[in-house]
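Inspection log for the structure reproduced underneath, given as structure tokens.
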């Protein structure tokens, strides 16, 4: 059993990442493979702040970790905890994921799963876009409320 306060980032290395994704990518599924690739390519960008990179390292470290809350070899649900961690991290760092990053990840997904797999990446893209839109709307509302208070 993995402790909730464990620092998963210490488990991450590029070699471990590529070993895990290449050996278990098809088993884990397109959405998880795509999500981990998005995180990996975002992490590699020099413009991403260290705080964001630490979130990514934690998620990828958890993905690589051999002892999960739900072991990966458990049929059907084995990667559900990994997916939840990866999706959570993606939603936190979504503002740093650009079109180039998505394209790099999709090229790998097509290499591994074939052309049809791109459809399976769209749900994750939609989730991230919705989260970004929600953030923009909240920020806009906050700014409008601030302006109203200044005029009172």
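Numbering (the working numbering), first residue to last: 118 to 269.
From the three backbone atoms N, C-alpha and C, an ideal C-beta is built for every residue, glycine too.
The model shown is predicted, which means the values in this text are computed figures rather than measured ones.
* Using a threshold of 9 Å, state whether the C-beta atoms of residue 226 and residue 150 are closer than that. => Yes, the Cβ-Cβ distance between residue 226 and residue 150 is below 9 Å.
* To do: Return helix, strand or coil for residue 214, following the three-state DSSP convention.
  => Correct three-state label for residue 214: coil.
* Where does residue 200 sit, in a helix, a strand or coil, going by DSSP? -> DSSP places residue 200 in helix when its eight states are reduced to three.
* Roughly how many angstroms separate the alpha carbons of residue 131 and residue 221, rounded to a whole number? -> Residue 221 has its alpha-carbon roughly 16 Å from the corresponding atom of residue 131.
* From the DSSP output, in three-state form, read off residue 165 for me. => Coil.
* Asked: In the structure shown, what three-state DSSP assignment does residue 180 receive?
  -> If DSSP states are grouped into helix, strand and coil, residue 180 belongs with the helices.
* Taking just the CA atoms, how far does residue 240 sit from residue 165? -> Taking the straight line from one Cα to the other gives about 24 Å.
* To do: Going by CA-CA distance only, name the one from 256, 248, 201 and 254 that's closest to residue 176.
  => Sorting 256, 248, 201 and 254 by C-alpha distance to the C-alpha of residue 176 places 201 at the top.
* Anyone know if the C-beta pair for residue 180 and residue 203 falls short of 9 Å? -> Result yes, Cβ atoms of residue 180 and residue 203 sit closer than 9 Å.
* Asked: From residue 161 to residue 266, what distance separates their C-alpha atoms?
  -> Approximately 42 Å, taken between the alpha carbons.
* Classify residue 157 as helix, strand or coil using the three-state DSSP reduction. => Note: residue 157 maps to helix in three-state DSSP.
* **Straight-line Cα distance separating residue 232 from residue 159** => Straight-line Cα distance between these residues: approximately 23 Å.
* To do: Would you kindly work out how many angstroms separate the C-alpha atoms of residue 212 and residue 249, rounded to a whole number?
  => If you take the alpha carbons of residue 212 and residue 249, they lie about 7 Å apart.
* Work out the CA separation of residue 251 and residue 172 for me, nearest whole Å. => So the two alpha carbons sit approximately 20 Å from each other.
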